[in-house]
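Residue numbers (our numbering), protein chains in the order written: chain A, 8 to 208; chain C, 267 to 651; chain E, 64 to 481.
Okay, structure first, notes after.
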Amino acid sequence: MKSISKSVNKTLNISRYPEIPPGTKLIKKGYVFVMLLIVGRAIEAASKVDQSVKKIFGDLPERFTFYLGVAPGGPYMVIGKDKQGNVKYLGWNLYGRKIDLGLDIKNLESAFKVFTFQESTAQAFAYDRFIVEGNLPQALAVVRVIDIVEIHLLPKVIARLAVKRYPKWSELSPVKKHLNRVRIYLKSFSPGLIKVIYRNL
Amino acid sequence: MQNLHYEFYSQPKITSGACALESIPTELASNDAHKPLVITGREHTRRGLDKTLIRAFADSGCPLGGIFDEIRDYAGISLARQAAVLFAERGCDAIVAVGGGPVADVARAANLLVSHDTQDLFQFFNGSPPGKRLKPFIHIPACCTNGSESGKTITVDNRRLTSNFLYPDAIILDKRMTAACTRRCAAQSALTTMDNAVTAFLDGEHSPMKDAFAHAGVGFAAASLKKAIKRPKNRKHSLAMANAGVMAGIAAANAAPGVVRGLAEELEKITGIARGVFIRIFTPAALAWMTQKTGPPGDDLLLAAGGMAVYAKTPEQQRPQKGVEMFLALLDETRGQIPETLSSLHIPAYRLEKACVHAGSRKDFPFSPQDCLEIIKQTQKGGGR
Amino acid sequence: MFMPDFYDFCSRAKTISGENALEKIPGHLAGLNANRPLIITDKGVEDAGLIDMVRDAMGDELQIGPVYNNIPVDSDYKVVDEIAGIYSRESCDSILAVGGGSVIDTAKGVNIVVSLGGGSLLDYQGAGKVRKRLNPLAILPTTTGTGSEMTLVAVIADPDRHVKMGFVSYFLLPDLAVLDPRLTKTLPPFLTAATAMDALSHACESYYCMEKNPLSDAFALRAIRAISENLLHVVKNPDDTQARLELANASTMAGVAFSNSMVGMVHNIGHTIGAICHVPHGNCMSILMPYGMEYNLHRRAGYIGELLFALGGPETYAQTRKNERPEKVIALVRRLNEDLHDATDGKHPRFLKEIYNPQGEQAIPKSMLSEIARNIMADGARMYNPEELLPDDARMVLEHAWEGTPLDRRKIKKGGKK
Chain A
8 MKSISKSVNK TLNISRYPEI PPGTKLIKKG YVFVMLLIVG RAIEAASKVD QSVKKIFGDL
68 PERFTFYLGV APGGPYMVIG KDKQGNVKYL GWNLYGRKID LGLDIKNLES AFKVFTFQES
128 TAQAFAYDRF IVEGNLPQAL AVVRVIDIVE IHLLPKVIAR LAVKRYPKWS ELSPVKKHLN
188 RVRIYLKSFS PGLIKVIYRN L
Chain C
267 MQNLHYEFYS QPKITSGACA LESIPTELAS NDAHKPLVIT GREHTRRGLD KTLIRAFADS
327 GCPLGGIFDE IRDYAGISLA RQAAVLFAER GCDAIVAVGG GPVADVARAA NLLVSHDTQD
387 LFQFFNGSPP GKRLKPFIHI PACCTNGSES GKTITVDNRR LTSNFLYPDA IILDKRMTAA
447 CTRRCAAQSA LTTMDNAVTA FLDGEHSPMK DAFAHAGVGF AAASLKKAIK RPKNRKHSLA
507 MANAGVMAGI AAANAAPGVV RGLAEELEKI TGIARGVFIR IFTPAALAWM TQKTGPPGDD
567 LLLAAGGMAV YAKTPEQQRP QKGVEMFLAL LDETRGQIPE TLSSLHIPAY RLEKACVHAG
627 SRKDFPFSPQ DCLEIIKQTQ KGGGR
Chain E
64 MFMPDFYDFC SRAKTISGEN ALEKIPGHLA GLNANRPLII TDKGVEDAGL IDMVRDAMGD
124 ELQIGPVYNN IPVDSDYKVV DEIAGIYSRE SCDSILAVGG GSVIDTAKGV NIVVSLGGGS
184 LLDYQGAGKV RKRLNPLAIL PTTTGTGSEM TLVAVIADPD RHVKMGFVSY FLLPDLAVLD
244 PRLTKTLPPF LTAATAMDAL SHACESYYCM EKNPLSDAFA LRAIRAISEN LLHVVKNPDD
304 TQARLELANA STMAGVAFSN SMVGMVHNIG HTIGAICHVP HGNCMSILMP YGMEYNLHRR
364 AGYIGELLFA LGGPETYAQT RKNERPEKVI ALVRRLNEDL HDATDGKHPR FLKEIYNPQG
424 EQAIPKSMLS EIARNIMADG ARMYNPEELL PDDARMVLEH AWEGTPLDRR KIKKGGKK
């Protein structure tokens, strides 16, 4: 290789082809960060309000911790069960935690599509956008939780895009739905939010 | 019942659609590569395709070792060597080629050099074929295609090399990259694609896998060819045609070379006129000639070009003929962009003969110079129309 | 031609098909710089004389290494590690896997360990651990159904922890897939029926589930056509070599289709039944297939209708009105099951209650249905089903499939975006 380097180098000015470090898309990253924060807090709230979410977390092992985030550099949200079985949003730092399950979206652009509801979670799964690090059944349970939380958080028009089947009112009466929605929103933005942000900084 | 004696091989992983470009870093990582060298053409960087690629690498943690954009419309050994030096200097471990034809050829030639750590490219052409797996190579179709990027053949300094190691490892189809520069370019790419597909269908070896690839290719072309030529910058249709190009290219790589393809390539070499033009001119007569020689093509051509409804409605014995008609009608969509008669090109007879001799003497080319001459003669008479 | 917003497709295994495909293996292995393969198989295959036949066909061009035949029904990692030890002790350089699903999965596992080094398969758990090219692996499928020779997955159990480890990488695709009718010669008719119906379910589900893409569609349609034209014929005339080769091809093509576009609820429920009741996978697939179509009909009527072209032939397709096509497809699959039931003297079950275990007892008692339904949430295939499938829905489907009655369409819950 050396010898051709010499002969070719005369004609090739390497500095014309600079190395290009990857840039960053701050706005999209920020958006996904905020969405993950909201969804994370909402999962914590929903685990107290919604019976099916409660049950799914009940079936997961003790002190189970998982994260959902964007590969390779974040942002992330970490959620875990504590000793008493309460589900807690633990913030966005992966360091110093024992993670049982990781759900990585392959790249920021795909994550943006998921969190702007251009692609439903199931569709994104089908399009191979997720990398599952850990036990698949547990990952499926977590995706199911996210679907339920989206139904609670989002108005029907948008939620219908994000989940496969929007429950009929015979299954989920409007009164209950709106009541739960208000409770989840209130719990999500309670002082606990400031506490968890402070702890992560 | 058809016999099923065949071999089929298709190395590339095809990724197409939304966020396809953004998936390249993950794709590289799954091949244990973390710093690609990008090889592309002057025309492509002028249109800003390199910027699009750089943006797609944002937040990926994967740097680009450099963007080598010296390729114009000729694939030469010196370019491959320069790229190889840049590759080594920057410590790259994979190659990404943005663009078809010469770009893909140079990129694969450079890959041969860096993977075998040699500077003698022509040893591979002169009887010692590549003996080991190359570095990860990702091809991103952009603008025009010459139909062999997704396959296993490269042409460098007018010499051809075929090896299974030359298949790309991944092909990334993204609508931000596939738009054609001009209508003429779109038409030529479409013709190359159609020729690849029909070569695969007409091949004597009956392989359902090759047929499936060709089927999907013709299916896309049937739906999008007209609109892609009319509006070459349209993203949806150019993406569909790029898909068709890749699929037909893989199908053709698994079939014996077609007579039109060989002839068109030799004529392109001699006259400098794009091969698409010759494909347009010779295909009708060649199809008629092949039908006479080996019997009518299977009815798969109709299923691919017409779809299920048309196929089902056509009586069984008419299906092969109807398939050929629909296929030729698709070629006719290039009208206005591509000359339609051989006489309008004013090529002297001795040059035509020379091309026939060159084509006939190619290794692994199943047709003789007389066969090629016969097709030219039929074309001049207006055969197959 | 259908163009999804996004798709990826990869079928990297070189396929060799034909009545003398076995004879070509040495040449292809030589092209991969290999000439001392280890053979992995199971006792049934070896007792049927297939290994001797493979040896004879390949002649003395290869220095064939040892034959390992002690593969359990569910591949587990201890066997993998044991075989990997043999591979290195005997200095083999490649693997020939002759058999069905568990043999193939085990062989893929062995290939990971011997190619990447390390003492145990357990070192390679987790996403993205296999990212280098592996040693040459040739797969010679002896059933006409699993399609594992074309998938990038290996499922290997850890009996101590009671988990199934999934290994996913494009490098798990074999270098060679060899389709030779001699390999399926000894397959009894009722197993031909079950495994080919498994392949049919791969092709059908991949055609209407969520990751559908143009190439997998083209593969699926060809596979369905070959199965519907040849299956009954092969079950009745097991000696027809050409037709058996067609079925083997169909199974492999269906494998390509489902490996690239994934499958839905039929597999979701089928896997769950298999895990709980230990019944043959192919039987569950053939029984559940029409239910999967009925359940997803309100979302996928168009695609299911197109299956009629391949399943019933172009003439039937042309004669049937567009809105009647999906129903006709469902009816045809049911009739195929009935015909196979008759052609195998009742060995091919039509409903879940007709599946018996080797002791002659009902393998799926009705009382198990609710347990099965509860467990469907743990299988990955549910993500790819067009309509949401929750335990209540699964229970409803299971009850109908058990009795053999068509779904009560009013009970299917609908909602959300089409």
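Note that beta-carbon positions come from the ideal geometry of N, C-alpha and C, so glycine has one too.
Exercise. When the Cα of C622 of chain C is compared with those of C:S634, C:I613, C:L611 and C:P614, which residue comes out closest?
Worked result: Selected option, being the one with the closest Cα: C:S634.
Problem set entry | Integer Cβ distance of M513 of chain C from L278 of chain E, believed to fall under 8 Å | Confirmed, Cβ separation roughly 7 Å.
Exercise. Name the chain C residues whose beta carbon is nearer than 7 Å to that of G80 of chain A?
Worked result: Residues of chain C passing the Cβ test: D325 and G327.
Exercise. Within this structure, are the beta carbons of L470 of chain E and A436 of chain E separated by less than 7 Å?
Worked result: Result no, Cβ atoms of L470 of chain E and A436 of chain E do not sit closer than 7 Å.
For this session: Verify whether the separation of the beta carbon atoms of A408 of chain C and L315 of chain C is less than 7 Å.
Result: The answer is yes: Cβ separation under 7 Å.
Problem set entry | Backbone secondary structure at V193 of chain E - three-state DSSP | DSSP places V193 of chain E in coil when its eight states are reduced to three.
Exercise. Would you call the stretch 103-111 of chain E and the stretch 75-83 of chain E touching, i.e. three or more CB-CB distances under 8 Å?
Worked result: By the criterion of at least three beta-carbon pairs nearer than 8 Å, the stretch 103-111 of chain E is not in contact with the stretch 75-83 of chain E.
Exercise. Thinking C-alpha only, which one of E:D123, E:I290, E:M431 and E:S264 is nearest I339 of chain E?
Worked result: Of the candidates E:D123, E:I290, E:M431 and E:S264, the one whose C-alpha sits nearest the C-alpha of I339 of chain E is E:M431.
Exercise. How would you list, in chain order, the residues of chain E whose beta-carbon sits under 8 Å from the beta-carbon of K279 of chain C?
Worked result: At a beta-carbon threshold of 8 Å, the residues of chain E lying near K279 of chain C are D71, F72, C73, R75 and Y233, ordered along the chain.
For this session: Give me the Cβ distance between Y270 of chain E and D261 of chain E, rounded to the nearest whole Å; I'm assuming they're in contact under 8 Å.
Result: Wrong, their Cβ atoms sit about 15 Å apart, outside the cutoff.
Problem set entry | Contact under 7 Å by Cβ, I343 of chain C with L303 of chain C | No, the pair does not count as a contact, with Cβ atoms beyond the cut-off.
For this session: Using three-state DSSP, classify G107 of chain E as helix, strand or coil.
Result: When DSSP states are grouped into helix, strand and coil, G107 of chain E belongs to the helix group.
For this session: Report the residue from C:D371, C:L345 and C:S381 whose alpha carbon sits nearest the alpha carbon of G357 of chain C.
Result: The option with the nearest alpha carbon to G357 of chain C is C:S381.
Exercise. Does the Cβ-Cβ distance between P237 of chain E and L200 of chain E come in under 7 Å?
Worked result: In this structure, P237 of chain E sits near L200 of chain E, with a CB-CB distance shorter than 7 Å.
Exercise. With distances taken from CA atoms, which of A:V85, A:A78, A:P29 and A:S54 is nearest D154 of chain A?
Worked result: Ranked by Cα distance from D154 of chain A, the options A:V85, A:A78, A:P29 and A:S54 are led by A:S54.
Exercise. Does the Cβ-Cβ distance between A341 of chain C and V464 of chain C come in under 7 Å?
Worked result: For A341 of chain C and V464 of chain C, no; Cβs fall outside 7 Å.
Problem set entry | Whole-angstrom distance between S157 of chain E and N198 of chain E, CA atom to CA atom | Approximately 6 Å, taken between the alpha carbons.
Problem set entry | Under 7 Å from the C-beta of Y275 of chain C: neighbouring residues of chain E | Among the residues of chain E, those whose CB is under 7 Å from the CB of Y275 of chain C are K77, following chain order.
Exercise. Less than 7 Å separating the beta-carbons of D359 of chain C and K301 of chain C?
Worked result: D359 of chain C is a Cβ neighbour of K301 of chain C, given a cutoff of 7 Å.
For this session: Less than 8 Å between the CB atoms is what I'm expecting for D469 of chain C and A522 of chain C, so what's the real figure, rounded?
Result: 5 Å between Cβ atoms; contact.
For this session: May I ask you to report which of helix, strand or coil DSSP gives V60 of chain A?
Result: Three-state DSSP puts V60 of chain A in a helix.
For this session: Give a yes or no on whether 7 Å exceeds the smallest Cβ distance from G189 of chain E to chain A.
Result: Taking Cβ atoms only, chain A reaches closer than 7 Å to G189 of chain E, which makes this a yes.
For this session: Could you tell me the distance, in whole angstroms, from the CA atom of R136 of chain A to the CA atom of K113 of chain A?
Result: Whole-angstrom Cα-Cα distance: 5 Å.
For this session: Give every residue of the same chain whose Cβ lies closer than 6 Å to the Cβ of E309 of chain E, excluding the five residues on either side of it in the sequence, and list them in chain order.
Result: The residues are A289 and N293.
Problem set entry | C-alpha distance - A364 of chain E paired with L371 of chain E, whole-angstrom precision | Cα atoms of A364 of chain E and L371 of chain E: separation of roughly 11 Å, rounded to the nearest angstrom.
Exercise. Does any residue of chain C bring its CB to less than 7 Å from the CB of N312 of chain E?
Worked result: Chain C has a Cβ within less than 7 Å of the Cβ of N312 of chain E.
Exercise. Is DSSP giving Q425 of chain E helix, strand or coil here?
Worked result: Q425 of chain E falls in the strand class under three-state DSSP.
Exercise. Which full runs of the alpha helix (DSSP H) of 4+ residues lie inside the stretch 299-370 of chain C, going along the chain?
Worked result: The qualifying runs are 308-312, 315-322 and 343-355.
Exercise. Using a C-beta to C-beta distance shorter than 8 Å, which residues of chain C count as neighbours of F230 of chain E?
Worked result: Chain C residues near F230 of chain E: none, gap ~13 Å exceeds 8 Å.
Exercise. At a Cβ threshold of 7 Å, is A53 of chain A touching chain E?
Worked result: Look at A53 of chain A: its C-beta is not under 7 Å from any C-beta on chain E.
Problem set entry | Closest Cα partner of D371 of chain C within the set C:E355, C:S416 and C:L352 | Nearest neighbour of D371 of chain C by Cα position, chosen from C:E355, C:S416 and C:L352, turns out to be C:S416.
Exercise. For I539 of chain C, does the three-state DSSP call read helix, strand or coil?
Worked result: In this structure, I539 of chain C counts as coil in the three-state DSSP scheme.
For this session: Would you verify that the beta carbon of F282 of chain E is, or is not, closer than 7 Å to some beta carbon of chain C?
Result: At a cut-off of 7 Å between beta-carbon atoms, F282 of chain E makes contact with chain C.
Exercise. Using the beta-carbon of each residue, which ones in chain C are nearer than 7 Å to M64 of chain E?
Worked result: Per Cβ cutoff of 7 Å: A482, G485, F486 and A489.
For this session: Enumerate in chain order the residues of its own chain whose CB-to-CB distance from N438 of chain E is below 7 Å, with the five nearest sequence positions on each side excluded.
Result: For N438 of chain E, same chain residues with a beta-carbon under 7 Å away, outside a window of 5 residues either side, are T335 and I339 in chain order.
For this session: Report yes or no: is there a C-beta of chain C within less than 7 Å of the C-beta of S157 of chain E?
Result: With its beta carbon at least 7 Å from every one in chain C, S157 of chain E lies outside the interface.
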